[in-house]
Each structure stands twice: as structure tokens, then as C-alpha cells.
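Residue numbers (the numbering used here): 193 to 1056.
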């Protein structure tokens, strides 16, 4: 049997996928005589073809490896999981590892800092047909790191997606960038890189110094075009489009050294620069996207040229030079124009004669110091032009000496008249009240301080004047009427004081009059009376007439204070005492007032801490059905007992709390305490007792009243009807839009809304008509006079009529006698509170009376 028989076929079957082995097996089978001749020829042809294919595959693999290893940058082949399938020779050299150490490992072996999901953005980009580029840090076999820029692309091999990643070593580029940055900082030329919109991108220290931007200011803000005027060599303005930077961007060509003058308007300083610009192009672009400017300061070289003098005229700066030895003075044309003389001064003596006498001596002394001590000159001097107008100049000069010891002084002369006039205007404005034209607070304090520091003027008096009823005019007629009132009041005060007083508006509707006591100790009282007499006539505004008076306090220095603020405080205390006693009067300061002021300060200090110290408590005065004698509600009244001040009446401390703003915090405490007590009575089986709480107008202005009420009701699980809020009439007109909104929110909660002491204040019926309130309280001020006083009877009838016509409930306060109760019932007032029924009771006492009930107030009167 031939050697190529079955055994050969078995060999072919066992050859597997090795092309060479399979070709030998096929060739052996072709020699099997048992096979037909045609089959043997076919097997022989197949063996020949297979050997050719194997040779081609081996050649392709060799070419792939040769090309793969010829790439100078590290190249990695990865599968979609990030497993390294192959690595070229450059990669082994860069990573200092063999192929066997890397192939088959995840890519993290080359970059351990990669995040877990680093392949997701790569694969998303490759699936869209793009190339993914990223800068990362790779790691060598010895653990050292180096920066690379990796470009990744996708391809398919043997039916699966793979990634080819080329890593470009950036170490040389980073080193070059570092050297470039170091070079920029050490060269003495300014270097500024700007984008196509003139925004600064990079600047070196020399540029910052030359441009005068060495502090921490923003360079972009400092270089803002509106802050600079750019001049060419002839001193003419350069249009923005003709600047070298703009030309380079437009033409794509560099500009050679160009001399430009840069005048910085805020500093009023001119710098001359020699500028060269070079356009920069992005890769593949035909238009520049950046411009680099190189410049140096040539100001010193331009100082003595006529071109410099012409350019300085834009900033109203002229040049001068004085040769001291022969007294020869040279002025540039602009300097001569500033001095405005028929013949420009040719000597220093002629220049000195242009100045006023005091400044002439100052300049002459400065010249001598410059000549003999080499001191520079920098003075602001005043003179006159040829037409007599005032001229302010700033003169700067520096001494210079040559080899022959001739001394000269050169410098600049600048017209600063406009700045000085502006400063004077600002100074006057800073001292003047813009509404009245009088001195303002700072000015009068400065004047007082100067006089009190001068022994010859130290004896003086201060009149502190406050307008009565100004608040009413301002609120009812508007701020326009208030401003007009202040202007007319200022005029009357000026006319009344005459030349004897210095007058200032101290703030709001308060004025100060400062007068001397040196020659007339009775002058303050006499001026005060004249001012009061001047306010006897009424004021008018748009057809409306109204009377406004004044309250005046008088204090003397140094008896009532050794410093301005102390004297003013003493006069203020006297004014408040006058307003408290009788308006439209004056009051001199006394030690008793000092004690009163100290007591007020002590009260305010203690009051501020009272809530935290637990010094407040509430009592509850019943509101009674005056026919049946049963309790229908209660009013919560605050009481304060302080360990230093003792028991304080509410009318003594509520006003102070209003003034200081502490009333807002106190009001919140009262609201919470009252609701807590209502909840306690409810839990004790007494039902829901409506409790009335007074609310200050300041709680409208400085607090979210509706939000506070909602929070307290929710905290104690109370319905809105368990709470009644009493507001003064001032709350009606403080801020109508906010008032309406707050009242609406409170009413929506079910809270009962009442105007307290109606008729005592503004009685603003227009606001009363618009507000969603439930009722009013008739003030005890009117109740106490009924039924005997006809005026009080008329007022009570009017208020009751208003309540009926508007459908409002009415409660009478201060009911103390049976005749008052009967009168009020006949008037149609059903509910009252007062000592006829009960005083303010503790929570327990009120609960006892509530449980026992009242029969026309008898039980409570016995309890008293």
C-alpha cells in the first residue's frame, strides 16, 4: 500500500488548523492509490494552494509587526473591556516593560489613576466614528509618571471591536512651556497676549510694570478701552481700528516698532511705548486668533520733544525747564496756554508773579530745596489768568546737573482748575443738606468741635428743634408735602435766628441752632422764642393749610457737655421733655433731665434682656357681656417686673420698646404666651376662650406677622377664632398694600381683627373702610367722661354710628361705673371691659371666674 493511504488521510484530519501541517496531510493523501485519479489531483492542488496561503499569512504578519514596531510613539491594541491585546516596541521602551508584562493585562497597568468608567466616553465616541483625545498621566515599570496625550480610534478584528490607542509623550512640550514662561518673566520687554476681542490672555511682569498695573487690580478692567486715550507720534488720537493689534488681526501681518502714547484717564498719566505686534495662528487656520505685543517704555526719550508737548495738551499738561544759573525759563506751548499770559514768563521771577502771594512763597522755597538739596517738587498752586479768572496748577519738577555743574530743573505744569472746582463743589455738597440748603449733620458737628476746641469760642449753646405733627403731614399728605414743610420750616428758622445762629438740619424733621454765649448769656432763650413765634402762622401745600409747631431743647457748653455729641444729647433730652410737657415750647437742660435720660437708657438696656430673663408675665382682663354679666373673651395685658427697676407700668416701657424696635420680639412672646394659656384652659375643660393681644405697627414693618400667627396657632392646635389681634390706628396708614395683604391672610385664618383705641390717633376712615376688620374698641379716653361730658358723649355716639354703618363690632374699654355701663348699653355697645367688672387677673384667677361665671359683674366686683 502506498504511503499516502488512509493513514495519510488520518494525518490530514489530525492536522487541525495549522496550515503547514494541513498541506502536508493533503499532499500525503494525494498519493493514496486507492483514491480515484481525479481526487488525487484535487488533493494535490489543495495542498499547493494551502502552502501558498500560509506563506502569504506569514508575510502579512511580518509586515504588520514591522509597521507596528516602526511607529515612534507607544501604540496599544485593546479590546472593548480595556484588555491590552498588543503593544509595539516604542511602548515597551516608554513603559520600560516587556510585551509579556503588559499584553493580557487591563489598561490600568499603564495608568492606575483612571476612573472606573473611563472607557464609556471613549467607546461612545468611537461608535459614532470619531477619535477620542485625552491628556492623562501614564506609569513606567519603575513607578515613575509622565504626561501623555492619547488618541484612540476603533477597528474590527476577527469579528470583534478593538481600540488602537496612540500615546504622545508631552514631557518635552511641558518643559518647553515652563521655559517659555520663565523667559517671559525675566526679559525686560513687556509681553502681552490678547485674543481677537482684545481680552488679555497672558502678560509678563515687565508689561504689568510698564503699564502701571502692578497691584492686585484686574488687568482686563485696567485695560478697558474707555479708560485710555491712544496717541500717535504727532499727538493725534488713534482710532481703535488703526491700533497695531487690530491691524495684525485684520491683515495677519506683524507690525514693526510703532511709538504710541497711552494716556490713562483715571490716573491722568501719559506713557509712551514702542510697540511691535505679531499675529498668532491656530493649526490649520488662515486667520490669526491671537496677537502677541512686545513693547518697551520710551517716555523718558519723548520728554523733551515738541511732539510730547503737543500730545500733553490733550491732558492739559505742559512742560517747563529752568536753568538756574542764568534764570532762563523755557515753557512748552501748552504750558504757556495754561498760564494764559500775553507774554509767556521767560524767567522764574516772572512765573512767580503769576501766583498768589502765599503760594509764591511756597514755590520759591521748593525751588531752593530742589537746587541745594536735590529734592523734587510737587505742589498744587493757585494763581490768576490774564482775565482775572482763578487758576489752579500742579507743578512737578526734578533737579538735574551736567558735567559743568550747571543746575536746571525740568518738569510739568498741569491745569487742575476743573478738578479743584469739582472738589470744592463736592466739599460744599458734603457739608450741605440738599433739601433745605442748610448745613448737614457732619458740618455742624465739625463746626461745634472747632469752636469748642477754641477757648475764645468754647462758651456756646445748642438749640435742638423738632417739628410737632410732622409725621402726620408726611403720612396724610405725602412725602412731597413733608419735603415742602421742611423747606419752609428751615426758612422760618433762618429768619428767626438771623445772624446770631448757625443753623443745620440734623436729620429728619430735626434742626440744630448753634449760637455764642460769650457776649449774651440769654441769647439761646431769645432765639428759641423767636423761632416759636415764627411757627404761629400756618403752612400750605397745594391748597391745603395745616398748623405745625416746634419743640425746642436748649443745652450749654461746657456746663451741659464738654464734647459736641454730649451737648447735643443734652439738648435732645431737653427737647423731649418739652414735647412731653407741652408742645410748641422750649425747655433748658437740667441735671434732673440727665437723670431722666439715664433712667431711660437703663430701662432700654434692661428691656432688651427681659424676654430672655423671663421677667414678663401676662394678666387677663375679662371682656363682659354688659347685659348678662358673662365673660365673652379676655384681653392679655403684659406686666414687667425687673430686679433692678421693680414693677414697671406698661405705659412706661411700651413706648421705649416701640422706639428701640424691641416691641417686635416682645410682641412675639406675648402672642405665644397667650395662645399657650388658651390651650391650657382648653385642656382643663374650660373650652376655647378668645384672647385679645395688642399688636404694634412695627410688627407689620419688621416681622412676618401672618406667618408668626399661623405658626403659633399650629403649635398649640388652636383655631383662628381663639385669637383676637388689636391694632392701633397707626397700623392703618403705615403701609397700605402690606397692611391689606396681612389683614386678608389673618382673616382667612379666622383670626378676629380689631382697631384698638379708635379715635385717639389718625382716625383714617378711608383705610378703615378698605380693611377687612371685625370690630373696634372705644377708647377709655372717651368712655371716662360719659354720660356727663357732652363732648365725650358726642364722640362715643359718632364712633358707635361708624361701627354700625360699617357692620363692625364695638367693645368699650375703661368701664368703671354703673352709669357708664347703662349709657353704653343704650348706645348699642354690648361688650365692655374695665374695673367695673374686673382688673387684669392671673391665669388661675381668670379660670376660676370663668368657671363660676359672672352675673352683671357682681362676683368679680366682690373679688376685688
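From the three backbone atoms N, C-alpha and C, an ideal C-beta is built for every residue, glycine too.
Every value quoted in this text rests on a predicted model; they were computed, and no experiment measured them.
For the beta strand (DSSP E) holding residue 332, just list the boundary residues, first then last.
Careful: residue 332 lies outside any beta strand (DSSP E) and carries neither H nor E.
Going residue by residue through the stretch 416-475, where are the continuous beta strand (DSSP E) segments of at least 3 residues, counting only ones entirely within it?
Taking only runs of at least 3 residues, the beta strand (DSSP E) segments lying wholly in the stretch 416-475 are 420-423, 447-456, 461-473.
Excluding sequence positions up to five away, which residues of its chain have a Cβ less than 7 Å from the Cβ of residue 240?
So the list is empty, once near-sequence residues are dropped.
If you scan the stretch 559-627 from start to end, which runs of the alpha helix (DSSP H) of 4 or more residues do you find wholly inside it?
Whole alpha helix (DSSP H) segments, 4+ residues: 609-623.
Name the one or two DSSP bridge partners that residue 279 has.
According to DSSP, residue 279 bridges with 268.
So that I know if they touch, is there some Cβ in chain D lying closer than 8 Å to that of residue 351?
Absent from the structure: chain D. Only one protein chain is present.
Suppose you measure from the CA of residue 484 to the CA of residue 547; what does that come to, to the nearest Å?
Straight-line measurement puts the Cα of residue 547 at about 49 Å from the Cα of residue 484.
Out of 289, 269, 851, 479, which has the shortest C-alpha to C-alpha gap to residue 342?
Of the candidates 289, 269, 851, 479, 269 places its Cα closest to the Cα of residue 342.
So, do the stretch 899-915 and the stretch 864-874 have three or more beta carbon pairs nearer to each other than 8 Å?
At 8 Å Cβ cutoff, the stretches touch.
So which of 771, 766, 858 has the shortest CA-CA distance to residue 784?
When 771, 766, 858 are compared, the shortest CA-CA separation from residue 784 is found for 766.
At which residues does the beta strand (DSSP E) containing residue 480 begin and terminate?
Run containing residue 480: 480-489, per the beta strand (DSSP E) assignment.
Answer yes or no: do residue 266 and residue 282 have a C-beta to C-beta separation smaller than 8 Å?
For the 8 Å CB-CB criterion, residue 266 and residue 282 form a contact.
Contact set for residue 173: own chain, Cβ-Cβ below 7 Å, skip 5 residues either direction
Because the chain is modelled from 193 through 1056, residue 173 falls outside the range shown and cannot be assessed.
What would DSSP say about residue 296, mapped onto helix, strand or coil?
Note: residue 296 maps to coil in three-state DSSP.
DSSP three-state call for residue 946: helix, strand or coil?
Three-state DSSP puts residue 946 in a strand.
Can you tell me which of 322, 367, 769, 285 puts its alpha carbon nearest to the alpha carbon of residue 332?
Of the listed residues, the one whose Cα sits closest to residue 332 is 285.
I need the boundaries of the alpha helix (DSSP H) containing residue 400, first residue and last residue.
Its alpha helix (DSSP H) spans residues 397-403.
Best match in 883, 937, 900 for proximity to residue 915 [C-alpha to C-alpha]
Of 883, 937, 900, the smallest CA-CA separation from residue 915 is found for 883.
Whole angstroms is fine: what's the gap from residue 974's alpha carbon to residue 988's?
Going by C-alpha positions, residue 974 is about 7 Å away from residue 988.
Is residue 343 helix, strand or coil by DSSP?
Strand at residue 343.
Distance, Cα to Cα, residue 1004 vs residue 696?
When rounded, the separation of the alpha-carbon atoms in residue 1004 and residue 696 is 47 Å.
Three or more beta-carbon pairs under 8 Å between the stretch 686-705 and the stretch 651-663, yes or no?
The way I'd put it, the stretch 686-705 does touch the stretch 651-663; three or more beta-carbon pairs between them come closer than 8 Å.
Run of the beta strand (DSSP E) containing residue 817, from where it starts to where it stops
It spans 808-817 - the beta strand (DSSP E) in which residue 817 sits, taken as one unbroken run.
Taking C-beta to C-beta, are residue 688 and residue 722 nearer than 8 Å?
A contact, by the Cβ cut-off of 8 Å.
Alpha-carbon spacing of residue 727 relative to residue 741, whole angstroms
In this structure, the alpha-carbon of residue 727 lies about 6 Å from that of residue 741.
Pop quiz: residue 345 and residue 318 are said to be a contact at Cβ under 8 Å. What is the actual Cβ separation, rounded to whole angstroms?
Rounded, the Cβ-Cβ distance is 7 Å, consistent with contact.
Count the C-beta pairs between the stretch 964-983 and the stretch 1003-1017 that are closer than 8 Å, then say yes if the count reaches three, no if not.
With the cut-off at 8 Å, the stretch 964-983 and the stretch 1003-1017 touch.
Identify whether residue 349 lies in helix, strand or coil by the three-state DSSP scheme.
The answer is strand: DSSP assigns residue 349 an E or B state.
Can residue 694 and residue 751 be called in contact, C-beta distance under 8 Å?
The answer is no: Cβ separation not under 8 Å.
For the structure I just gave you, are there three or more beta carbon pairs, one from the stretch 380-392 and one from the stretch 359-367, closer than 8 Å?
At 8 Å Cβ cutoff, the stretches do not touch.
Whole-angstrom distance between residue 481 and residue 499, CA atom to CA atom
Per-residue confidence for residue 499 stands at a pLDDT of 47, beneath the threshold of 50, marking its modelled position as unreliable; no derived number is given.
If we count Cβ pairs, one from each stretch, closer than 8 Å, do we get three or more for the stretch 411-431 versus the stretch 439-447?
Here the stretch 411-431 makes no contact with the stretch 439-447; the two share fewer than three CB pairs at distances below 8 Å.
Roughly how many angstroms lie between the CA atoms of residue 465 and residue 321, to the nearest whole one?
Annotation: residue 465 to residue 321 spans about 52 Å, alpha carbon to alpha carbon.
Whether residue 421 touches residue 455 by CB criterion (8 Å):
Taking the C-beta atoms as reference points, residue 455 is found nearer than 8 Å to residue 421.
DSSP three-state label for residue 965, please.
DSSP places residue 965 in coil when its eight states are reduced to three.
Counting C-beta neighbours from all protein chains within 10 Å, is the total for residue 730 16 or more, i.e. buried, or is it exposed?
Exposed, by the Cβ-count rule.
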